[in-house]
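Quick notes on the structure that follows.
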Amino acid sequence: MELSMNLHPPFEKQFLTEADNQSFTMQSAALSELELADTMMGMANAGGGTIVVGIKDGQYEGFKGQDAAQMEAWLEKSISCCFPPVQAQTHWVRIDQSIESIESTESTESIESAESIDSPEQVLQIHVAGATEIHRNQAGLVFLRVGAQNIALTEEQQSRLAKDIVERARMAQGCPECREEDLDPNIVARLQHALDELAKASLASHDQQASDETDGPKDGFDDSLDEIYRWMATEGTKSFGSQPENGEIRSKPEPEAELPEVHLVEQLCRCGVAHATPEGWELNYTGVLLLAKNPQKYHSGPVIVFRQYSSKREDDEALPVYEQQIHGSLPHVLDTTVELIRDRLRVFCAIHPIKGRFITVPEYPHTAYVALVTNALQHAAYQQREPIYVSMYSDAMTIISPGLFPGIVDEANLYETQSWRNPALAHTLKLVMRAILPKASLKRVRLEMEQAILPAPTFEVKEGRVEVRLQNYAEQRRNRHQERMKLMIRSEWSSMTFDERRALEMIYNRKSLTPQELADRMKRTVNHARQLLNTLQARGLVDRIVLRRNDVNQVYKLLDI
Numbered sequence: 190m191e192l193s194m195n196l197h198p199p200f201e202k203q204f205l206t207e208a209d210n211q212s213f214t215m216q217s218a219a220l221s222e223l224e225l226a227d228t229m230m231g232m233a234n235a236g237g238g239t240i241v242v243g244i245k246d247g248q249y250e251g252f253k254g255q256d257a258a259q260m261e262a263w264l265e266k267s268i269s270c271c272f273p274p275v276q277a278q279t280h281w282v283r284i285d286q287s288i289e290s291i292e293s294t295e296s297t298e299s300i301e302s303a304e305s306i307d308s309p310e311q312v313l314q315i316h317v318a319g320a321t322e323i324h325r326n327q328a329g330l331v332f333l334r335v336g337a338q339n340i341a342l343t344e345e346q347q348s349r350l351a352k353d354i355v356e357r358a359r360m361a362q363g364c365p366e367c368r369e370e371d372l373d374p375n376i377v378a379r380l381q382h383a384l385d386e387l388a389k390a391s392l393a394s395h396d397q398q399a400s401d402e403t404d405g406p407k408d409g410f411d412d413s414l415d416e417i418y419r420w421m422a423t424e425g426t427k428s429f430g431s432q433p434e435n436g437e438i439r440s441k442p443e444p445e446a447e448l449p450e451v452h453l454v455e456q457l458c459r460c461g462v463a464h465a466t467p468e469g470w471e472l473n474y475t476g477v478l479l480l481a482k483n484p485q486k487y488h489s490g491p492v493i494v495f496r497q498y499s500s501k502r503e504d505d506e507a508l509p510v511y512e513q514q515i516h517g518s519l520p521h522v523l524d525t526t527v528e529l530i531r532d533r534l535r536v537f538c539a540i541h542p543i544k545g546r547f548i549t550v551p552e553y554p555h556t557a558y559v560a561l562v563t564n565a566l567q568h569a570a571y572q573q574r575e576p577i578y579v580s581m582y583s584d585a586m587t588i589i590s591p592g593l594f595p596g597i598v599d600e601a602n603l604y605e606t607q608s609w610r611n612p613a614l615a616h617t618l619k620l621v622m623r624a625i626l627p628k629a630s631l632k633r634v635r636l637e638m639e640q641a642i643l644p645a646p647t648f649e650v651k652e653g654r655v656e657v658r659l660q661n662y663a664e665q666r667r668n669r670h671q672e673r674m675k676l677m678i679r680s681e682w683s684s685m686t687f688d689e690r691r692a693l694e695m696i697y698n699r700k701s702l703t704p705q706e707l708a709d710r711m712k713r714t715v716n717h718a719r720q721l722l723n724t725l726q727a728r729g730l731v732d733r734i735v736l737r738r739n740d741v742n743q744v745y746k747l748l749d750i
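To convert, note that position 18 of the sequence shown is 207 in the numbering used here; the numbers rise steadily by one, no gaps.
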């Protein structure tokens with residue numbers, strides 16, 4: 190596994206397909222200094238992001254009539270409205286893909302331009318670094334970028350933000366002890382494969398847009414994954430060096446027949462989980478959580494303690510029937526936990542509401558528990574050095590993670606507000622885990638729970654932890670399905686004999702039966718039990734599984750659809 194450095198300034202081809210979010214926004218060149226200051230401040234307080242200036246209503250607007258001196262004064266005045274000044278880097282980007290770099294490692298340094306910027310075909314990228322302390326405006330207000338808005342924070346929210354900033358800054362520190370040989374090769378390979386596939390999909394999508402043949406993502410990648418790739422492309426200059434000298438112009442590269450190689454370390458730097466050093470590169474602590482084989486050697490997490498109980502949640506004295514501690518890289522912990530939950534979920538039988546046939550329904554929707562475990566791993570306060578507890582009971586599942594809600598999220602607005610405690614971790618994790626992570630917000634989780642006739646998840650903050658609870662109402666669900674069974678097949682129910690009804694309900698409860706098992710429970714002969722089962726099969730209600738004609742171990746099960 191060889192990781193190489195090949196750093197260069199990014200160029201984003203797809204500004205117009207990007208929706209405004211926490212770490213990206215497009216603004217008109219007519220943006221006032223105060224509006225720009227509030228956006229820069231909000232992004233810095235939220236962990237950094239990119240502002241593209243020169244686009245209005247989805248169209249390239251450019252900077253007609255403005256020269257370099259005017260732009261320098263405009264940016265300096267915006268920066269002077271933030272206390273302390275935000276850290277930012279700027280790049281001119283032309284539609285024809287040539288880049289005129291205007292780099293400043295400190296936001297207060299002057300801005301130079303080699304040529305006139307009086308062109309509608311040129312936009313300005315402002316890469317805002319994550320805050321190391323809270324930024325305020327001249328009025329003393331603190332703004333936080335939440336979704337596509339800049340939200341003014343209350344004193345309580347500012348206190349929570351201060352803790353998040355301290356933790357985010359700690360996670361961004363380099364970890365020189367973790368080197369290439371300490372990385373999990375499986376996770377690195379998955380990330381490299383994901384980058385290659387996303388680069389290929391992004392290129393194909395761009396080519397299709399150029400020929401007006403399509404306006405959607407390609408190769409099976411959804412909008413959220415395409416957003417990740419665009420986010421990485423616009424985040425690059427925040428965290429790595431090797432930029433061209435001021436005024437150097439990079440011309441548009443010649444078209445290539447093959448897809449250029451995606452350099453993993455370069456993308457790690459763009460993701461904000463690594464940075465360049467005089468010796469080469471090193472991961473920060475966020476990167477250690479995601480890629481190290483044993484991040485606990487350098488950091489306090491991630492660790493999940495999985496427990497399964499045979500009792501209900503209210504039984505405080507119950508002991509777990511199964512317990513496992515899961516540690517390793519964050520993707521490995523997520524993989525293993527999801528597999529444990531999936532393997533231990535009970536399956537219930539139900540009637541298809543349209544076709545009237547039996548189907549099997551898991552205890553909880555897949556999207557629900559995957560999304561909630563992912564959220565716990567993304568937003569856990571690892572500095573508290575506590576594990577995440579995932580507990581399965583007969584009537585509920587709970588996920589308890591250390592730390593409070595991120596940003597301004599609370600119990601009242603969590604379904605309407607999205608905020609990342611650590612944007613670099615969230616984006617890179619979704620990239621690595623793109624094969625299993627659902628594209629699901631908490632709204633989607635709530636909808637899928639409702640469709641499964643289950644209550645929405647509940648959230649509770651207590652003693653510095655967030656507890657999420659999924660309720661399954663197992664017994665009520667079983668009784669309800671039994672009633673629905675009778676209703677859905679009422680056309681045949683009335684024509685069934687008493688023994689046929691008993692046999693059907695026994696299969697419903699046990700999922701499958703052999704003639705011998707049915708005979709034992711009904712206190713009848715095996716031949717009579719076999720006749721009953723064959724009758725139910727003829728009615729299209731059960732299926733017979735046999736290996737040979739006279740197999741004595743033949744099994745009858747409810748017919749799935």
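Note that beta-carbon positions come from the ideal geometry of N, C-alpha and C, so glycine has one too.
What does the alpha-carbon distance come out to for the pair residue i and residue j?
i	j	result
residue 337	residue 349	20 Å
residue 355	residue 699	54 Å
residue 653	residue 569	11 Å
residue 176	residue 470	It is not possible to answer for residue 176, since the shown part of the chain is limited to 190 through 750.
residue 603	residue 609	12 Å
residue 314	residue 218	12 Å
residue 636	residue 642	10 Å
residue 319	residue 517	27 Å
residue 586	residue 282	50 Å
residue 726	residue 590	49 Å
residue 638	residue 660	9 Å
residue 363	residue 259	38 Å
residue 745	residue 702	5 Å
residue 732	residue 747	6 Å
residue 241	residue 312	7 Å
residue 292	residue 221	Because the pLDDT of residue 292 is 36, which lies under 50, any placement of that residue in the model is unreliable, and the number read from its coordinates should be weighed accordingly. Rounded to the nearest angstrom, the two C-alpha atoms are 22 Å apart.
residue 711	residue 528	38 Å
residue 143	residue 521	The question about residue 143 has no answer here: the residues shown for the chain are numbered 190 through 750.
residue 687	residue 693	10 Å
residue 358	residue 321	6 Å
residue 250	residue 244	5 Å
residue 605	residue 577	25 Å
residue 630	residue 557	10 Å
residue 280	residue 554	45 Å
residue 611	residue 650	20 Å
On the DSSP letters alone, give me the boundaries of the beta strand (DSSP E) that residue i sits inside.
i	result
residue 685	That residue, residue 685, is in no beta strand (DSSP E); it is neither H nor E in DSSP.
residue 469	469–472
residue 558	Element bounds for residue 558: not the beta strand (DSSP E) but the alpha helix (DSSP H), 555–568.
residue 234	Premise fails: residue 234 lies in the alpha helix (DSSP H), 222–234, not in any beta strand (DSSP E).
residue 314	311–317
residue 579	577–581
residue 335	332–335
residue 242	238–242
residue 466	463–466
residue 617	From DSSP, residue 617 is part of no beta strand (DSSP E) but of the alpha helix (DSSP H) over 612–621.
Residue i: buried (16+ other C-beta within 10 angstroms of its C-beta) or exposed?
i	result
residue 510	exposed
residue 512	exposed
residue 268	buried
residue 376	buried
residue 729	exposed
residue 272	exposed
residue 716	exposed
residue 683	exposed
Tell me the DSSP bridge mates of residue i?
i	result
residue 723	Bridge partners of residue 723: none, in fact.
residue 368	Answer is none; residue 368 lacks a bridge partner.
residue 512	496
residue 551	536
residue 590	655
residue 338	335
residue 482	DSSP output for residue 482 lists no bridge partner at all.
residue 731	747
residue 363	473
residue 248	245
Between which two residues does the alpha helix (DSSP H) harbouring residue i extend?
i	result
residue 632	631–640
residue 146	Past the edges of the chain, shown from 190 to 750, lies residue 146, and the structure says nothing about it.
residue 328	Element bounds for residue 328: n/a, residue is neither H nor E.
Indicate, with yes or no, if the ligand ADP has a heavy atom lying under 7 Å from the CB of residue i.
i	result
residue 222	Ligands in the displayed structure: none, and consequently the ligand ADP is not present.
Problem - At least three beta-carbon pairs within less than 8 Å, the region 473–488 to the region 367–380 - result: yes
Problem - Cβ contact check for the region 225–237 and the region 327–334: 3 or more pairs under 8 Å - result: yes
Exercise for the section: Evaluate contact between the region 490–508 and the region 459–477, counting only Cβ atoms and requiring at least three cross-stretch pairs below 8 Å. Expected result: no
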